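Participant: Going by our numbering, the first residue of the sequence shown is number 55, and it counts up by one from there. By construction, the Cβ of each residue, glycine as well, lies at the ideal position given by its N, Cα and C atoms. All figures in this text were calculated on a predicted structure; none of them were measured in a lab. Dumping the structure here so I can ask a few things about it.
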Amino acid sequence: MINPVSLLPDHSGPPGAEGPLSGLRVVDFSHFIAGPFCSMTLADMGAEVIKIEAPGGEGFRKYGAARPELDNQGAAFLWANRNKKGIVLDLKCAQAAAVARDLIRTADVVIENFSAGVMARFGLGDESLRAEQPDLIYCAITAYGQEGPFADRLGFDPIVQAESGFMSLNGDADGAGMRTQPVIMDISTGMMATNAVLAALLSRSVSGKGQRVDISLYETALSMLGWAPMQYLVSGIEPGRLGNASIDSAPGGIFHASDTAFFLSSPSTKIFQRLARAVGLQEIADDPGLLDPARRLARRKEIERALQEKFSRYPWAHWEPVLRAGNVPAGRLQTLAESLHSQVTRATGVITRIDHPTAGKVPNIALPLRFSSTPTVAPVAAPAIGAHTRDVLLALDGYDAARLDALAKAGAFGPPDEALS
Numbered sequence: 055m056i057n058p059v060s061l062l063p064d065h066s067g068p069p070g071a072e073g074p075l076s077g078l079r080v081v082d083f084s085h086f087i088a089g090p091f092c093s094m095t096l097a098d099m100g101a102e103v104i105k106i107e108a109p110g111g112e113g114f115r116k117y118g119a120a121r122p123e124l125d126n127q128g129a130a131f132l133w134a135n136r137n138k139k140g141i142v143l144d145l146k147c148a149q150a151a152a153v154a155r156d157l158i159r160t161a162d163v164v165i166e167n168f169s170a171g172v173m174a175r176f177g178l179g180d181e182s183l184r185a186e187q188p189d190l191i192y193c194a195i196t197a198y199g200q201e202g203p204f205a206d207r208l209g210f211d212p213i214v215q216a217e218s219g220f221m222s223l224n225g226d227a228d229g230a231g232m233r234t235q236p237v238i239m240d241i242s243t244g245m246m247a248t249n250a251v252l253a254a255l256l257s258r259s260v261s262g263k264g265q266r267v268d269i270s271l272y273e274t275a276l277s278m279l280g281w282a283p284m285q286y287l288v289s290g291i292e293p294g295r296l297g298n299a300s301i302d303s304a305p306g307g308i309f310h311a312s313d314t315a316f317f318l319s320s321p322s323t324k325i326f327q328r329l330a331r332a333v334g335l336q337e338i339a340d341d342p343g344l345l346d347p348a349r350r351l352a353r354r355k356e357i358e359r360a361l362q363e364k365f366s367r368y369p370w371a372h373w374e375p376v377l378r379a380g381n382v383p384a385g386r387l388q389t390l391a392e393s394l395h396s397q398v399t400r401a402t403g404v405i406t407r408i409d410h411p412t413a414g415k416v417p418n419i420a421l422p423l424r425f426s427s428t429p430t431v432a433p434v435a436a437p438a439i440g441a442h443t444r445d446v447l448l449a450l451d452g453y454d455a456a457r458l459d460a461l462a463k464a465g466a467f468g469p470p471d472e473a474l475s
């Protein structure tokens, strides 16, 4: 079996790029996906992100099967923790919490996604930190927000997909609803948090004052429903499941060429007419009864049968240029591997490989950020547990080797008999 990493090009980019957030420091207490995705985005843009983990590392390190060559971490952790410095602090130890507070005094942003009240119990709550640092941006990510009946509940991406109504819109009409396998609620929450942090930083540049930013998975999920909630609130009619078809336009969905499946969409009358003409169905394109979207929806099956009869005659190699020339949006259904190794993906430069201290080379999946004057920083693989503890702390005022040894004996970095990284 060919190692997919060997098929990837090495990362290349402008040397010495610092990113638009160069000079900012982020202290990151978050774990799993939403918080780390936010902090990784900030790190890619040049912020110095210091990731604080408990002794032994966060649980997400082992998610998706840990691999020995990746320093016993899984691909999931590698994906979400690029460009960060990793340190270990046992916040249950008072001395470690004091170290964390010293780090925060040097920071612009704090990110955390503990349950409500946990950071305050460590002496690191939003109010006490910002009382001392009025310009601090404190970003708290939760499952259901700081208030409400579920404020104390754990929440995970697929649960929120179910509860928000998102799952009810996916799947076949006669099914029970279906989740999306990619964790889009976690990722979109991380994106929302990034936007909020950047907005708070912009506000601070004007007012000189920081603020608290709250983001929840559940509220993000409501946003990810798109315009479906507005449709219901305006009409009183709940949108249902239609599989791969659209509730708003027809024809569309999965069709089959003689050799493979593909997806096409015709969200407007003009595109519908271009589609019908491209495949040789002039009579449908000119049918006055099909120029209204509602009438096309009512005759969806009739139109799609006519299209499928045409498509089944030739392979995708025939239809792809025909639909492209007709300016009809369509694309072949590809496997994940086909997509990642495709010419289109390669042309983006998003998928590359980078150096790793134990694995040699690992894949890197860049964010789709393009800055003409301040390009993102060169990617550095996710850190091993506590890889930068000593270097980061020795750079703080008042910290030297003797003090680190004393902290280690006090258990600030975990069991005192374990060596400091």
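Quick one: any contact between the stretch 392 to 407 and the stretch 59 to 72, if contact means 3 or more CB pairs under 8 Å?
Facilitator: yes
Participant: Going by other Cβ atoms of all chains shown within 10 Å of its Cβ, with 16 needed for buried, is Asp226 buried or exposed?
Facilitator: Result: exposed.
Participant: Identify whether Phe467 lies in helix, strand or coil by the three-state DSSP scheme.
Facilitator: coil
Participant: With distance defined between alpha-carbon atoms, name the residue in Ala205, Gly110 and Ala230 nearest to Ala216.
Facilitator: For Ala216, the nearest C-alpha among the options comes from Ala230.
Participant: Who are the near neighbours of Asp189 in its chain, counting only those whose CB is closer than 8 Å to its CB and skipping five residues on each side?
Facilitator: Asp162, Arg258, Gly262, Lys263 and Gly264
Participant: Over the uninterrupted alpha helix (DSSP H) stretch that includes Asn249, give me the two end residues.
Facilitator: Ile238 to Ser261
Participant: Helix, strand or coil for Ala348 per DSSP?
Facilitator: helix
Participant: Does any heavy atom of the ligand PLP sit closer than 7 Å to the C-beta of Lys139?
Facilitator: This structure simply doesn't include the ligand PLP, nor any ligand for that matter.
Participant: Would you identify the three-state DSSP class for His372, choosing helix, strand or coil?
Facilitator: DSSP places His372 in helix when its eight states are reduced to three.
Participant: Give the DSSP-derived three-state secondary structure of Val431 in the structure shown.
Facilitator: Note: Val431 maps to coil in three-state DSSP.
Participant: Is it right to say Lys146 is buried, meaning 16 or more other beta carbons lie within 10 angstroms of its own, or is it exposed?
Facilitator: exposed
Participant: Count the C-beta pairs between the stretch 162 to 179 and the stretch 115 to 132 that are closer than 8 Å, then say yes if the count reaches three, no if not.
Facilitator: no
Participant: Are the CB atoms of Pro437 and Lys116 nearer to each other than 8 Å?
Facilitator: The answer is no: Cβ separation not under 8 Å.
Participant: Tell me which residues share the same chain as Met245 and place their Cβ nearer than 8 Å to its Cβ, disregarding the 5 neighbours each side in the sequence.
Facilitator: Phe91, Cys92 and Thr95
Participant: For Glu72, does the three-state DSSP call read helix, strand or coil?
Facilitator: In the displayed model, Glu72 falls within coil according to three-state DSSP, outside both helix and strand.
Participant: For Arg350, is the classification buried or exposed, using 16 other Cβ atoms within 10 angstroms of its Cβ as the cut-off for buried?
Facilitator: buried
Participant: Specify the secondary structure class of Arg407 as computed by DSSP and reduced to three states.
Facilitator: strand
Participant: Going by other Cβ atoms of all chains shown within 10 Å of its Cβ, with 16 needed for buried, is Trp281 buried or exposed?
Facilitator: exposed
Participant: Between the Cα of Glu358 and the Cα atoms of Pro433, Phe326 and Gly77, which residue gives the shortest distance?
Facilitator: Phe326
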